[in-house]
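Encoded as structure tokens, the structure appears first; notes follow it.
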């Protein structure tokens, strides 16, 4: 028997340095033109360029740290102003130990430093925050790219988070537009004809991890196109992936 | 500028039903022949076929449940014999609440039901356990396939685990052979020339999630080939991904 055609993951290398106010959808569409995009393609965009386009940059020289930020930063050799920004981006501190700040962001994401990051940002005194509403960010990019293409293009916005129990960070979905974020196989028969239990797949997170292979960490390749994978239909959101606190055994 | 060639993920559909004692490496090599495998390809194999080949199947009719298993199973409408198998596969119960058993397996993995699973297994009274040593399983498959191919083929063995704070399961790596499981970018400059901090990427987990797109949940496609991604060199192991308990803030 023949092997079916592969799923393909293209890294789109030619996104120019993104500046506040840029129309990121238009930049992405232009950079992907040599491909070009075809119906069924899924766009996966790293958070950093989205935050830059949305001016989610903070000049640390404008920040007055609180007593808690000063104390923590002194103990663990951090920048107290950056710590202050992390505290302001958090609605709950999940763990605060050994120099590590695990925060619940205002979106409900649980991650180190509330997603505040200084890497790949121009300017020594600037840090980058997560988008205010990553689902709205994804929707804006999807609308612009879909209008240029003449067909609907689903968009996932990603960030790299650590997780309990396992080493290393992985790319996950923080914003989704134009597709479902989860696929629910409950009630469907398995290969033996028995009903499958508790099988809800976090497909947007798996697509985010797959895209990371093409994004790379040091290459300037913030956009990937996944081709040949049928995105699950639905009006998914990044927040669908955030577990309801009342159901979470780990709060 | 042109777009670089994509990373490709092939699902290998033609693995026959695997039986205890089968040489899984030989079956995989034969099924992938129409591709064929080329140097640089990474094989990603789901745990279920590995466990079947290694006869990690348990006939529930041979199991006498303990008092704890009987009590729990009665309260939550579970099969007490299957609960007993879960307890036997665990070295620690992490959470036991609302019918959910989160266990630390003897390998150190933390997952629901210690990885014991009844789906996609022939026989109403049979459950499937994780491989005893998934790194050794990966090494065996890699050795057989590499010998047939005449070049080294890295192998990742995967399973689908839930995680705290986020909905849905994702595919992760439980066994690795012929490549590094983690990529450490610490000390490397970012795109702005600044040193990156705390950036260790769980690349084997991301490859596992990428492969899941081709494995599917209902298709009988337990093997995927990832092509065009330069696997990080090293003697990685699935257990590299398990966080040292003394460093884990979530124990």
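Protein chains in written order, with the working numbering: chain X, 16 to 266; chain V, 16 to 266. For every residue, glycine included, the Cβ atom is placed at its ideal position computed from N, Cα and C.
Distance from the CA atom of residue 77/X to the CA atom of residue 83/X, rounded to whole angstroms, is 18 Å.
Rounded to the nearest whole angstrom, the C-alpha separation of residue 239/V and residue 59/V is 5 Å. Within its own chain, the residues whose Cβ lies closer than 7 Å to the Cβ of residue 187/X, once the five positions on either side in sequence are excluded, are 173, 174, 176, 220, 223, listed in chain order. Under the rule that a run must span 4 or more residues, the alpha helix (DSSP H) segments found entirely inside the region 16-86 of chain X read 39-47, 62-68. For a cut-off of 8 Å, the C-beta gap from residue 79/X to residue 88/X is around 13 Å, too long to register as a contact.
Positions of the beta strand (DSSP E) runs, each at least 3 residues long and wholly inside the region 169-233 of chain X, are given as 170-178, 181-192 in order along the chain.
Neighbours of residue 225/V in chain X, taken as residues at a C-beta separation under 9 Å, are given in chain order as 22, 24, 221, 222, 224, 225, 226, 227, 228. With contacts defined by Cβ atoms closer than 7 Å, residue 95/V and residue 23/X do not form a contacting pair. In this model, residue 131/V and residue 193/V are separated by some 27 Å (Cα to Cα).
Between the alpha carbons of residue 81/X and residue 116/X lies a gap of roughly 16 Å.
Only buried fits residue 40/X, as 16 or more other CB atoms lie within 10 angstroms of its CB. The alpha carbon of residue 184/V has as its nearest neighbour, out of 247/X, 190/X, 69/X, 198/X, the alpha carbon of 198/X. In this structure, the beta-carbon distance from residue 128/V to residue 109/V does not fall below 7 Å. Residue 237/X is a Cβ neighbour of residue 61/X, given a cutoff of 7 Å. A direct Cα-to-Cα measurement between residue 148/X and residue 65/X gives close to 11 Å.
Residues of chain X with a Cβ closer than 7 Å to the Cβ of residue 178/V are, in chain order, 178. Shown here, residue 108/V sits in a strand according to DSSP, grouped into three states. Between residue 43/V and residue 169/V, the C-beta gap is not smaller than 7 Å, which leaves the two residues out of contact. By DSSP's assignment, residue 120/V forms a beta bridge with 105/V. Between residue 225/V and residue 225/X, the beta carbon gap of about 4 Å places them in contact (Cβ cut-off 8 Å).
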